[in-house]
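Structure first, commentary second.
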Amino acid sequence: LGPILGASDVKVGVVSTLRDVQDQLMQWLEWFRLIGFAHMFLYFDDPEHDEAAIEEARATYSSDFVSFCLYTGLVNAACCHKAQLHVSSLSLRHGEQLREEWQHLRSWPKFSKYTDDRMCRQLLNIAHALKRAACETENEAVDWVIHLDHDELFLPP
Numbered sequence: 022l023g024p025i026l027g028a029s030d031v032k033v034g035v036v037s038t039l040r041d042v043q044d045q046l047m048q049w050l051e052w053f054r055l056i057g058f059a060h061m062f063l064y065f066d067d068p069e070h071d072e073a074a075i076e077e078a079r080a081t082y083s084s085d086f087v088s089f090c091l092y093t094g095l096v097n098a099a100c101c102h103k104a105q106l107h108v109s110s111l112s113l114r115h116g117e118q119l120r121e122e123w124q125h126l127r128s129w130p131k132f133s134k135y136t137d138d139r140m141c142r143q144l145l146n147i148a149h150a151l152k153r154a155a156c157e158t159e160n161e162a163v164d165w166v167i168h169l170d171h172d173e174l175f176l177p178p
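What the sequence shown shows, in this note's numbering, is residues 22 to 178, in sequence order.
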């Protein structure tokens, strides 16, 4: 499924750093699709733990609507090499690629020593998503980005 965009020319995306979302991810994604968000930038802190949820979301939603980044710095990176996780690099980034891209962010010098801290990774992921939203592929290009956790919703007026 792709995004359901309204008549507005303004495209809005969500960025979120996620962990332990297996019971909520699909409902959360569908909410934002139904209210007209253009793109979801999802960064998984523990992709092995959330593998089933990631696979269900990938099977349901197009890369026009959802991008996946799998941070593997603190967990077993083997899950990133399983056959079912092989997709286009435009819709899925793995730990090493994400770390490399973090190094090109203006905020990297400030946070590079603290990537083992969840809030630091959230800040880097937000900066990374903003950069992608401004200059990536058409499906990731959005005008506004909001950061939300997987247990938070946004209700437009």
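Even glycine gets a Cβ: it sits at the ideal position worked out from N, Cα and C.
Residue closest to G162, alpha-carbon to alpha-carbon, out of A150, D170 and G116: Before going further, note that residue 162 is Ala rather than Gly in the sequence given. Checked all of A150, D170 and G116; the closest Cα to A162 is A150.
N- and C-terminal bounds of the beta strand (DSSP E) containing G23: Under the DSSP assignment, G23 falls outside any beta strand (DSSP E); it carries neither an H nor an E label.
C-alpha distance - T158 paired with L46, whole-angstrom precision: In this structure, the straight-line span from the alpha carbon of T158 to that of L46 is close to 24 angstroms.
Close beta carbons around D164, own chain, < 6 angstroms, minus the five adjacent residues each side: V31 and K32.
Distance, S88 Cα to L63 Cα: For L63 and S88, the distance between alpha carbons rounds to 6 angstroms.
I25 beta carbon less than 9 angstroms from that of R54: Yes, the Cβ-Cβ distance between R54 and I25 is below 9 angstroms.
Length of the line joining the Cα atoms of G34 and A28: 16 angstroms
Coarse secondary structure for S167, derived from DSSP in three states: The amino acid occupying residue 167 in the given sequence is Ile; Ser does not appear at that position. In the structure shown, I167 sits in a strand (DSSP, three-state: E or B).
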